[in-house]
Every structure is written in C-alpha cells, then in structure tokens.
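Following: one structure in structure tokens, then a few remarks.
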Amino acid sequence: DVSMFLSGQKVLITEDLEDVTVLEGESAMFKCRISPVDYSKVQWFLDKTPLHTNELNEIQSQPGGYHLLTLKKLALKDSGVITFEAGDKKTSASLVVKGNSIIK
Numbered sequence: 001d002v003s004m005f006l007s008g009q010k011v012l013i014t015e016d017l018e019d020v021t022v023l024e025g026e027s028a029m030f031k032c033r034i035s036p037v038d039y040s041k042v043q044w045f046l047d048k049t050p051l052h053t054n055e056l057n058e059i060q061s062q063p064g065g066y067h068l069l070t071l072k073k074l075a076l077k078d079s080g081v082i083t084f085e086a087g088d089k090k091t092s093a094s095l096v097v098k099g100n101s102i103i104k
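Here is the structure:
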C-alpha cells in the first residue's frame with residue numbers, strides 16, 4: 001500500500017535556504033536539499049502564496065535531493081519570505097529586492 005508507505009516516510013531538510021538580495025529586474029535563486037531524495041510532497045511559497053512554474057518562476061528538482069527556485073524579473077513588491085515545505089518540515093529565507101537607482 002503506497003499511501004501507508006508515504007505517510008510513514010520521514011523527510012528531513014538537510015540544507016536550508018539562504019537569504020538573497022538582488023536588484024530590481026534581476027533573478028534570484030533559492031536552493032535547499034532534502035532527504036530522502038525522492039520525496040515529492042514539496043511546495044514553495046512567497047510569503048503565504050504558493051508558487052508554481054510559469055514565465056517568471058522556475059521550480060526544479062535535481063539529483064541528490066536538491067530543490068531550486070528561480071524567480072525572474074523581480075520587482076520591489078516581490079520582497080518577502082521564501083518558504084520551502086517538504087511534508088511537515090520547512091525552511092525559510094528572505095528575498096530582498098532593491099531599487100535600481102539608474103534611471104532607464
């Protein structure tokens with residue numbers, strides 16, 4: 001029974017997210033690592049909003065239990081707290097988007 005196996009599976013976050021500061025219009029990448037590597041019940045959030053892959057957000061999982069979130073073309077209003085949840089575990093980091101003082 002797969003569901004029993006999954007519910008009994010303990011997941012650990014083995015590498016936490018780190019804070020990222022970028023300039024407006026740039027991209028930010030967040031990376032963390034979980035174990036077991038094939039655990040799939042994961043979700044990224046910006047503040048309380050769930051993130052999904054679209055033209056501005058890229059969500060990837062890589063071999064070795066790494067999970068990557070790339071946020072593109074960031075605006076000042078995107079500053080907030082990025083959270084990665086895996087089962088009942090979570091890790092968070094700050095995203096700070098700074099204004100570009102150069103007038104375009």
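Residue numbering for the sequence shown follows full-length UniProt numbering, starting at 1 and increasing by one per position.
Backbone N, C-alpha and C define an ideal beta-carbon position, used for all residues, glycine too.
This one's a predicted model, so the numbers in the text were calculated from it and none came from an experiment.
Item	Value
Selection from Gly80, Pro63, Leu46, Asp38 that minimises the alpha carbon distance to Val11	Asp38
For Lys77, the three-state DSSP class (helix, strand or coil)	helix
Three-state class that DSSP yields for Thr53 in the structure shown	coil
Contacts around Gln62, its chain only, beta-carbon distance under 7 Å, and the 5 residues preceding and following it disregarded	Leu68
Simplified DSSP assignment, three categories, for Ser35	strand
Any non-hydrogen atom of the ligand GTP within 7 Å of Val20 CB	With respect to the ligand GTP, the structure shown offers nothing to examine, as it has no ligands at all.
Nearest-angstrom Cα separation, counted from Asp78 out to Thr91	19 Å
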